[in-house]
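There are 4 protein chains.
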Amino acid sequence: MIRAGLIGYGYWGPNLARNLNAHEDCVLARVNDMSEKRRKLAAQTFPAVEVVADAAAITQATDIDLVVIATPVFTHHDFAKAALLNGKHVWVEKPMTSNLDQAKELVDIAAERGLTIMVDHTFLFTGAVETMREVIDNGELGDPYYFDSVRINLGIFQHDINVIWDLAPHDFSIMDHLIGPNARGVSAHGCDHFGTGLVDMAYVSVFYDNNLMAHFHLNWLSPVKIRRTIIGGSKRMLVWDDLNMDERVKIYDKGMEVTTQEGMYRVLATPRIGEMRAPIVPNTEALSAEVDYFMRCLNEGKQPFNDGQAGLRIVSLLEATDHSLKHGGKQITL
Amino acid sequence: MIRAGLIGYGYWGPNLARNLNAHEDCVLARVNDMSEKRRKLAAQTFPAVEVVADAAAITQATDIDLVVIATPVFTHHDFAKAALLNGKHVWVEKPMTSNLDQAKELVDIAAERGLTIMVDHTFLFTGAVETMREVIDNGELGDPYYFDSVRINLGIFQHDINVIWDLAPHDFSIMDHLIGPNARGVSAHGCDHFGTGLVDMAYVSVFYDNNLMAHFHLNWLSPVKIRRTIIGGSKRMLVWDDLNMDERVKIYDKGMEVTTQEGMYRVLATPRIGEMRAPIVPNTEALSAEVDYFMRCLNEGKQPFNDGQAGLRIVSLLEATDHSLKHGGKQITL
Amino acid sequence: MIRAGLIGYGYWGPNLARNLNAHEDCVLARVNDMSEKRRKLAAQTFPAVEVVADAAAITQATDIDLVVIATPVFTHHDFAKAALLNGKHVWVEKPMTSNLDQAKELVDIAAERGLTIMVDHTFLFTGAVETMREVIDNGELGDPYYFDSVRINLGIFQHDINVIWDLAPHDFSIMDHLIGPNARGVSAHGCDHFGTGLVDMAYVSVFYDNNLMAHFHLNWLSPVKIRRTIIGGSKRMLVWDDLNMDERVKIYDKGMEVTTQEGMYRVLATPRIGEMRAPIVPNTEALSAEVDYFMRCLNEGKQPFNDGQAGLRIVSLLEATDHSLKHGGKQITL
Amino acid sequence: MIRAGLIGYGYWGPNLARNLNAHEDCVLARVNDMSEKRRKLAAQTFPAVEVVADAAAITQATDIDLVVIATPVFTHHDFAKAALLNGKHVWVEKPMTSNLDQAKELVDIAAERGLTIMVDHTFLFTGAVETMREVIDNGELGDPYYFDSVRINLGIFQHDINVIWDLAPHDFSIMDHLIGPNARGVSAHGCDHFGTGLVDMAYVSVFYDNNLMAHFHLNWLSPVKIRRTIIGGSKRMLVWDDLNMDERVKIYDKGMEVTTQEGMYRVLATPRIGEMRAPIVPNTEALSAEVDYFMRCLNEGKQPFNDGQAGLRIVSLLEATDHSLKHGGKQITL
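Written out as structure tokens, the structure is:
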């Protein structure tokens with residue numbers, strides 16, 4: 011039985027608490043929040059759980075195996091470091107840390123002490139991403155050509171992070187999971203329309219080898235909500251529309267037939283159009299599946315795929331967008 | 011009465027011929043095409059029109075006032091130059107020329123001789139673009155925040171031009187018309203998946219002053235067809251979906267209320283959500299309206315808004331994307 | 011302060027309990043359910059509320075002002091009658107009763123004793139229905155031409171009622187609320203594909219005076235989910251698509267211009283096409299608004315618009331569909 | 011080589027002329043229209059074709075094998091009869107005749123003389139209907155449960171026929187082709203909002219044996235255009251949305267698993283949800299395919315499936331809707 015302590019009972023904390031509490035291999039032992047109001051709410055909802063005002067009562071506790079961190083990004087590193095130094099596994103919300111150095115330090119400490127960090131990229135546990143992962147793994151798409159993601163909305167402006175740090179962790183982690191961890195460069199453009207110093211809309215390009223690129227449109231200022239990813243491949247292509255409840259993932263048997271020939275035009279590309287299919291996408295709660303997966307990883311001593319190293323890669327991409335934004339969209343090598 | 015000669019009776023030529031022929035102020039006097047098969051078709055369709063094998067019979071003719079050029083891009087400059095030097099007005103398909111120097115030369119010759127060049131950016135004469143122009147001109151949108159355009163499809167690969175030169179002239183000319191001619195920089199990324207030396211998908215950013223940017227997704231390798239432009243403004247926002255026959259343009263009374271305050275977070279941005287309206291978008295043939303507009307310009311000695319200078323700006327943007335692509339997405343100053 | 015007792019803590023009961031409990035003018039004093047499991051759940055969720063195994067502890071209690079009935083339809087009459095005879099107001103789920111005689115008896119008893127019955131047609135309190143009601147009340151639509159409703163899905167088959175009794179109470183009550191209570195006839199067709207004796211898909215027509223008709227497609231066997239109502243009027247027309255989160259209600263400035271003329275064809279009808287607008291539809295919880303409305307009715311001694319008489323009209327329509335189904339779609343006069 | 015004469019060069023006639031003229035086994039020898047203006051147009055478009063003012067020059071001609079009739083419905087019978095009595099095959103627009111007696115007479119005359127009548131139900135030759143026919147023929151849907159058709163629009167009011175006679179021939183012929191010719195009853199409701207004596211919107215139910223029914227919503231007064239047919243089957247279900255260019259036909263692996271059990275509820279129906287697929291629907295011109303099919307039928311002496319008998323069934327359904335409308339929706343036995 012894993013004894014968990016939760017730091018942060020704000021927007022996402024209650025979902026974590028509910029799912030940790032419900033899992034048969036886990037006991038939610040302690041909850042901390044800075045706000046008295048939130049602590050009261052936690053106490054009411056989980057009468058059997060101890061609620062504490064001091065996070066150290068979790069990070070330094072002798073009866074806690076796992077520290078779950080759901081606080082603002084700039085605090086992730088300190089809480090996670092304290093937890094690791096006290097021999098605890100860590101579950102940390104995305105993005106993992108505020109910068110790459112912090113992420114590296116955490117990964118190193120965890121490695122030294124044989125502890126596990128899991129970064130909560132919840133989307134990786136949705137039915138849609140799992141379906142796409144299967145489709146890609148079984149070779150249906152062939153070689154990937156591109157990954158094009160649009161996540162726009164009339165959104166809540168964050169005060170401490172820009173639109174990329176707010177929205178792109180979802181899409182970067184999905185790209186990393188589906189297309190691969192070997193991104194080699196990043197370029198970003200964006201606008202700050204309100205003088206906050208934080209871009210409220212941005213376009214990010216991520217470059218891989220072999221003519222593969224990913225692109226992200228992130229926007230808090232769109233009149234319409236769009237959450238759509240297109241993945242082009244040499245054999246098939248795929249559209250994930252997360253707002254289309256009934257046909258979330260569509261796989262198109264479409265592509266280009268390319269032939270080489272003599273004469274003026276060496277290469278002839280002809281569109282090939284075949285059937286479309288929309289597989290059943292399971293509608294289970296992603297967070298519940300993720301908690302279950304992490305418990306199995308801890309019990310079996312396995313490293314989760316969304317471990318500290320994976321979280322670090324996302325932070326590395328985010329940090330690179332900051333550099334690129336500052337230098338007019340310059341391509342930053344990872 | 012304006013006597014027109016048409017060079018090029020391929021894909022678009024027949025539409026030009028039909029509309030020129032139908033206009034009361036214009037006589038389609040002569041048609042030329044390299045291909046005998048196309049010349050035969052022209053002769054059958056327009057029995058009263060003279061069909062010639064030599065383009066010089068149009069550019070050098072004494073009985074022709076207007077030369078209409080609908081041939082591959084790389085030939086535009088030579089035909090247009092010959093026409094201008096022989097004192098003829100010019101209607102030339104988009105993009106105007108293959109490079110900026112050619113465009114400049116044509117603009118200069120026309121200016122010297124008091125001749126008019128009109129570049130056929132047909133989209134500018136659609137009901138949708140006219141509707142958006144009105145909405146912007148009457149101040150409904152307020153200050154523009156961004157112009158976001160997606161034009162993707164499983165498309166026919168062009169042999170001589172890349173996906174940007176093929177598709178972006180539409181969108182660049184619409185941006186230029188709606189948002190303004192003062193673009194100051196360009197950045198482009200893309201992939202060439204088939205070794206043709208021509209990118210088949212690309213992302214282009216265009217930069218203006220005052221935190222205004224435009225962005226273009228152009229793709230011949232998309233499993234789905236999308237033709238959508240979003241324009242964000244300080245007062246309202248607009249979506250043009252050219253595939254939505256019934257509600258092509260939607261205007262959203264949405265935005266951000268921004269207040270400045272003391273304390274930790276200086277700027278507070280709150281979403282404002284109001285009514286949406288879809289005005290009636292006239293469904294007339296754009297090319298017919300364009301021919302009519304050009305005839306009025308010629309008769310009244312007025313410069314069309316889509317004149318050589320406008321065409322030159324689009325070529326300038328296109329050429330800049332070439333440079334940017336070659337230099338890893340570097341921002342090119344216009 | 012109104013003291014409420016809730017009978018039935020199944021699918022909908024918890025929502026009622028939560029909203030009654032949260033209202034400042036109401037105390038949820040007691041909850042009853044036949045099932046011990048459900049009673050336990052109620053006790054856990056509402057520790058301050060008394061949970062009882064016998065419904066008579068509510069209907070006959072001296073400390074209860076309002077009995078809320080959320081049990082299967084066939085039990086509504088008996089519980090409501092007992093409550094009324096013991097001097098209590100009644101909130102009863104839709105449909106009000108299993109047949110017209112039962113509804114009449116309840117209405118009569120309530121009238122005699124000055125008690126109020128409210129039938130929970132929750133949809134009437136949604137932002138969408140309130141928006142449509144305003145649009146109709148302010149004359150935007152003109153005279154109504156028709157009311158066309160489609161509510162289809164791959165649905166859960168009910169065991170005790172057919173698809174009409176399951177789904178049509180929503181749509182009949184909306185029709186009654188928006189178009190008027192004076193329906194004068196009903197015709198219904200349907201199929202029972204599984205030999206249950208209950209139709210699983212049905213088409214219902216409802217007739218009013220003045221060339222106004224309503225029509226309903228109700229289906230548990232549809233591969234796609236559609237919830238759409240079209241209301242045609244002499245001035246404008248309206249589409250309510252309950253699955254379109256962002257543009258739930260659209261009002262079209264469309265219609266027919268009808269002119270009378272001499273000669274062969276007396277009447278000439280020409281389509282008129284104008285702007286569409288999508289007003290903001292408030293996204294508040296309908297049940298919360300409904301509870302609040304009922305509390306104000308009780309406190310002010312006002313009859314709610316969805317009172318026993320309104321509930322009776324819906325039961326009358328439902329009963330008429332049974333007769334029509336039995337007689338091959340014969341038109342039944344109400 | 012079949013020599014064809016065309017009577018009626020109005021809305022549809024030019025399409026017939028073009029396709030007949032283009033077929034290698036057919037010569038369009040003569041065209042007739044009442045209007046001089048239309049005759050001029052025909053002569054211009056088809057210089058090689060004789061254009062005549064008198065239809066008898068076609069029906070009674072000795073050099074004509076096939077008479078193609080594209081005139082108003084009320085004239086179909088007389089032209090077709092004249093053609094048949096003069097030994098000519100007949101292609102007649104839909105609906106075949108104004109009433110059942112006329113249709114019967116034509117079928118009888120054709121049968122006596124060994125001549126072929128083909129009724130132009132063009133929709134049967136579209137890629138969509140052919141795809142659905144294949145899906146049904148190969149048993150994918152299982153036993154049909156229902157056929158639900160919606161064809162609504164803000165439409166042109168016809169002067170001589172109501173909305174059912176205008177629109178339903180399409181849908182009745184598709185139903186007849188896909189679900190079968192054995193309809194046994196009809197019921198219709200509708201409204202005439204403008205005092206023309208012709209309903210402008212209508213709902214029609216058609217009954218088959220074995221719990222199979224079809225239903226049609228036909229409307230000239232809808233603010234939105236919908237052309238959608240749902241076919242429910244025991245194994246799978248399909249949706250044909252004729253306005254969805256890219257995914258016209260979708261086949262859903264959905265249904266109800268029905269089990270019989272002891273106890274209170276004999277029958278238990280559980281939804282089964284599987285993959286959806288959208289096959290490639292060929293985008294060829296239906297009329298061209300239809301002309302080709304008819305030419306093959308004539309050359310091989312085969313009866314087309316859309317022969318006089320099929321046309322008669324559609325007229326029989328239409329006539330039955332007239333009777334039902336007159337008698338308040340009474341079910342009319344066919």
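Line order of the protein sequences matches chains S, V, P and D. Take 11 as the starting number for the first sequence in my numbering and just add one per residue. Take 11 as the starting number for the second sequence in my numbering and just add one per residue. Take 11 as the starting number for the third sequence in my numbering and just add one per residue. Take 11 as the starting number for the fourth sequence in my numbering and just add one per residue. Note that CB positions come from ideal geometry on N, CA and C, so glycine has one too. Note that this is a predicted model, so its numbers are computed, not measured.
{"query": "Is it a yes or a no for the stretch 212 to 223 of chain P touching the stretch 232 to 247 of chain P, going by three-plus beta-carbon pairs under 8 Å?", "result": "no"}
{"query": "DSSP three-state call for Glu300 of chain S: helix, strand or coil?", "result": "helix"}
{"query": "Where Leu164 of chain V and Val325 of chain V are concerned, what is the direct C-alpha to C-alpha distance, given to the nearest angstrom?", "result": "25 Å"}
{"query": "If we cut at 8 Å on Cβ distances, does Asp256 of chain V have a partner in chain D?", "result": "yes"}
{"query": "Output needed for Ala32 of chain D: all residues of its chain with C-beta closer than 7 Å, excluding positions within five of it in sequence on either side, in chain order.", "result": "none"}
{"query": "Establish whether the CB of Ala288 of chain S and some CB of chain D are separated by less than 8 Å.", "result": "yes"}
{"query": "Consult DSSP for Ile184 of chain V and reduce its assignment to one of helix, strand or coil.", "result": "helix"}
{"query": "Name the residues in the stretch 164 to 177 of chain P whose C-beta lies less than 8 Å from a C-beta of chain V; which are they?", "result": "none"}
{"query": "Any chance the stretch 49 to 64 of chain S sits against the stretch 74 to 88 of chain S, with 3 or more Cβ pairs inside 8 Å?", "result": "no"}
{"query": "Just the C-alpha distance for Ile79 of chain D and Lys50 of chain V, rounded to the nearest angstrom, thanks.", "result": "34 Å"}
{"query": "The beta strand (DSSP E) spanning Thr351 of chain S covers which residue range?", "result": "The requested residue 351 of chain S does not occur in the structure, where chain S is confined to residues 11 to 344."}
{"query": "So, at 6 Å on beta carbons, what are the nonlocal neighbours of Val216 of chain D in its own chain, with the 5 sequence-adjacent residues on each side left out?", "result": "Ala193, Val196, Ala224"}
{"query": "Of the choices D:Thr270, D:Arg287, D:Asp332, whose alpha-carbon is the least far from that of Glu150 of chain D?", "result": "D:Arg287"}
{"query": "CB-CB under 6 Å to Thr126 of chain D, same chain, minus the five flanking residues each way: which ones, in chain order?", "result": "His99"}
{"query": "Could you tell me whether the Cβ of Lys260 of chain V comes closer than 8 Å to any Cβ of chain D?", "result": "no"}
{"query": "Buried or exposed: which applies to Asn42 of chain P, given that a residue is buried once 16 or more other Cβ atoms fall within 10 Å of its Cβ?", "result": "buried"}
{"query": "Exposed or buried, Pro429 of chain S, counting other C-beta atoms within 10 Å across all chains shown (16 or more means buried)?", "result": "Nothing in the structure corresponds to residue 429 of chain S, since chain S is present only between 11 and 344."}
{"query": "Could you tell me which chain S residues have their CB closer than 9 Å to the CB of Lys50 of chain P, listed as they occur along the chain?", "result": "Those within 9 Å of Lys50 of chain P in chain S number zero; the least Cβ separation is about 16 Å."}
{"query": "Which of the three DSSP states is assigned to Phe217 of chain S in this structure?", "result": "strand"}
{"query": "Under a three-way DSSP split, which group does Pro351 of chain D fall into?", "result": "No answer is possible for residue 351 of chain D: the residues shown for chain D start at 11 and end at 344."}
{"query": "Cα-Cα, which of S:Asp111, S:Leu110, S:Ser108, S:His87 is closest to Trp101 of chain S?", "result": "S:His87"}
{"query": "Which runs of the alpha helix (DSSP H) spanning at least 4 residues fall entirely within the stretch 117 to 173 of chain D, listed in chain order?", "result": "137 to 147"}
{"query": "Could you check what DSSP says for Trp22 of chain P in three-state terms: helix, strand or coil?", "result": "coil"}
{"query": "Leaving out five residues on either side along the sequence, give the residues of the same chain with a beta carbon under 8 Å from the beta carbon of Gly339 of chain V.", "result": "Ser197, Ala198, His199"}
{"query": "Would you mind reading off the limits of the beta strand (DSSP E) that contains Asp251 of chain V?", "result": "247 to 251"}
{"query": "Quick check on the DSSP output: the beta strand (DSSP E) that includes Gly311 of chain S runs from which residue to which?", "result": "No beta strand (DSSP E) holds Gly311 of chain S; DSSP gives it neither H nor E."}
{"query": "Contact defined as beta carbons within less than 8 Å: I believe Tyr213 of chain V pairs with His227 of chain V. What is the distance between those atoms, to the nearest angstrom?", "result": "6 Å"}
{"query": "Taking only runs that begin and end inside the stretch 68 to 124 of chain V, name each unbroken beta strand (DSSP E) of 3 or more residues, in chain order.", "result": "76 to 79, 99 to 103"}
{"query": "Report buried or exposed for His337 of chain D, applying the criterion of at least 16 other Cβ atoms within 10 angstroms of its Cβ.", "result": "exposed"}
{"query": "Return the first residue and the last residue of the beta strand (DSSP E) that Thr280 of chain S is part of.", "result": "277 to 288"}
{"query": "Would the beta-carbon of Phe84 of chain P fall within 8 Å of that of Asp202 of chain P?", "result": "no"}
{"query": "Give me the Cα-Cα distance between Thr132 of chain S and Glu310 of chain S, rounded to the nearest whole angstrom.", "result": "21 Å"}
{"query": "At a CB-CB cut-off below 8 Å, which residues of chain V make contact with Val249 of chain S?", "result": "Pro233, Val234"}
{"query": "So what's Ile189 of chain P in DSSP terms, helix, strand or just coil?", "result": "coil"}
{"query": "Provide the residue span of the alpha helix (DSSP H) that contains Leu6 of chain D, from first to last.", "result": "A query on residue 6 of chain D cannot be resolved here, the shown segment of chain D reaching from 11 to 344 and no further."}
{"query": "Which residue from P:Glu267, P:Lys235, P:Leu110, P:Val62 puts its Cα closest to that of Ile283 of chain D?", "result": "P:Lys235"}
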